[in-house]
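Visitor:
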């Protein structure tokens, strides 16, 4: 389906509460565990989402509206959540993500984008020409990518504990798909 | 990691609220859409989880405790959510799932299971011998399998809308893994 701005906002607005309900107060054995060396924990994922709110989605939307294809986006630093999370607890990160998302969606609404705006083009440093509509759809699907990842990271912790049920539990057969 | 009963309960207790936060009030364009013929929508997934609460996890735990391997579990009807959801709205299904899960976890706690109980064996109709510990771990990972699926089903709706970002969005490369 095509991007519908209100539908995209409806999804983007729900992600912080969904992650909050899933992991706030869970034992560290769940939230600090990852899938092995150089993989992310639930904690890392929330840090990554915070960094996206600060530096990726809305800043890029504004670059498109202001500069079009004349100015490429700043490349996204996928490891910067290590700085975002430094010294913070998971509840603090969850609060921060919720507040940043709320502020970003407020700003997005205030832009009062029209259909013609959604077709405006920008320049991604490696993907090339993209539209504002694609950026906003990618923002929503980026949330879902990390919810998908988080469910997989949590499930991984019980990979052995489920015994023969492993055959029926699809999430244990997901190898991750992020490039 | 090994199953820790309190940790498993902590996760199981959070799933209804996480799904609720994610999909309650979302436009039908998100919640009724699936990944194509004979695949599930977010709506179907919640119906499936309700059916599991009624007929699968706790009923099977009680069969293990009462009959051990002498009585195989009743096979799980994976299509029964079509009956569960009949005539109901998504908010009704979410409420029902939350209430059933709460009741099941209350009953699980009331069993006051000890380490030796977790090693008790039962007979799965197709997987053969399983332990109570494996059953409880599988219950938690089953939640995560369907959260993983739900994030994928929602993301699928914007498969085209994200344009070239598709390359970076792992959830769009997940082919599903349930057998």
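Chains as they are written, first to last, in our numbering: chain A, 1 to 179; chain B, 1001 to 1179.
Beta carbons: idealized from backbone N, C-alpha and C, even for Gly.
Please report the straight-line C-alpha distance between residue 1098 of chain B and residue 1069 of chain B, rounded to a whole angstrom.
Guide: Between residue 1098 of chain B and residue 1069 of chain B, the C-alpha separation is close to 31 Å.
Visitor: Listing by chain order, which chain A residues have their CB less than 7 Å from the CB of residue 1116 of chain B?
Guide: Chain A residues near residue 1116 of chain B: none, gap ~17 Å exceeds 7 Å.
Visitor: Less than 8 Å between the C-beta atoms of residue 1003 of chain B and residue 155 of chain A, yes or no?
Guide: Not in contact: residue 1003 of chain B and residue 155 of chain A (Cβ atoms no closer than 8 Å).
Visitor: Please report the distance separating the alpha-carbon of residue 174 of chain A from that of residue 1140 of chain B.
Guide: Cα to Cα, residue 174 of chain A sits roughly 16 Å from residue 1140 of chain B.
Visitor: Is it right to say residue 1085 of chain B is buried, meaning 16 or more other beta carbons lie within 10 angstroms of its own, or is it exposed?
Guide: So residue 1085 of chain B counts as buried.
Visitor: Opposite residue 1122 of chain B in the DSSP bridges: which residues?
Guide: Answer is B:1130, bridged to residue 1122 of chain B.
Visitor: Report the neighbours of residue 46 of chain A on chain B: residues whose CB is nearer than 8 Å to its CB, in chain order.
Guide: Neighbours of residue 46 of chain A on chain B: none; closest Cβ ~14 Å, over 8 Å.
Visitor: In angstroms, rounded to a whole number, what distance separates the CA positions of residue 28 of chain A and residue 67 of chain A?
Guide: Those two C-alpha atoms are separated by around 44 Å.
Visitor: Taking the runs of the alpha helix (DSSP H) that are 4 residues or longer, which of them lie wholly in the stretch 31-67 of chain A?
Guide: Taking only runs of at least 4 residues, the alpha helix (DSSP H) segments lying wholly in the stretch 31-67 of chain A are 42-55, 57-67.
Visitor: Are any of the Cβ atoms in chain A nearer than 8 Å to that of residue 1125 of chain B?
Guide: Not one chain A Cβ lies under 8 Å of residue 1125 of chain B.
Visitor: Under 7 Å Cβ to Cβ from residue 1167 of chain B, same chain only, skipping five residues before and after it: list those, please.
Guide: Result list for residue 1167 of chain B: empty, nothing under 7 Å.
Visitor: Considering just the uninterrupted stretch of the alpha helix (DSSP H) at residue 1019 of chain B, what are its terminal residues?
Guide: Taken as a continuous stretch (DSSP letters only), the alpha helix (DSSP H) holding residue 1019 of chain B covers 1005-1023.
Visitor: List, in order along the chain, the chain A residues whose C-beta lies closer than 7 Å to that of residue 1121 of chain B?
Guide: Under the 7 Å cutoff, chain A gives no residues; its nearest Cβ is about 11 Å from residue 1121 of chain B.
Visitor: Return yes when the Cβ of residue 157 of chain A is within less than 8 Å of the Cβ of residue 176 of chain A, no when it is not.
Guide: The answer is no: Cβ separation not under 8 Å.
Visitor: If we count Cβ pairs, one from each stretch, closer than 8 Å, do we get three or more for the stretch 1021-1039 of chain B versus the stretch 14-25 of chain A?
Guide: Yes, the stretch 1021-1039 of chain B touches the stretch 14-25 of chain A.
Visitor: Distance, Cα to Cα, residue 165 of chain A vs residue 1127 of chain B?
Guide: The alpha-carbon atoms of residue 165 of chain A and residue 1127 of chain B are separated by roughly 7 Å.
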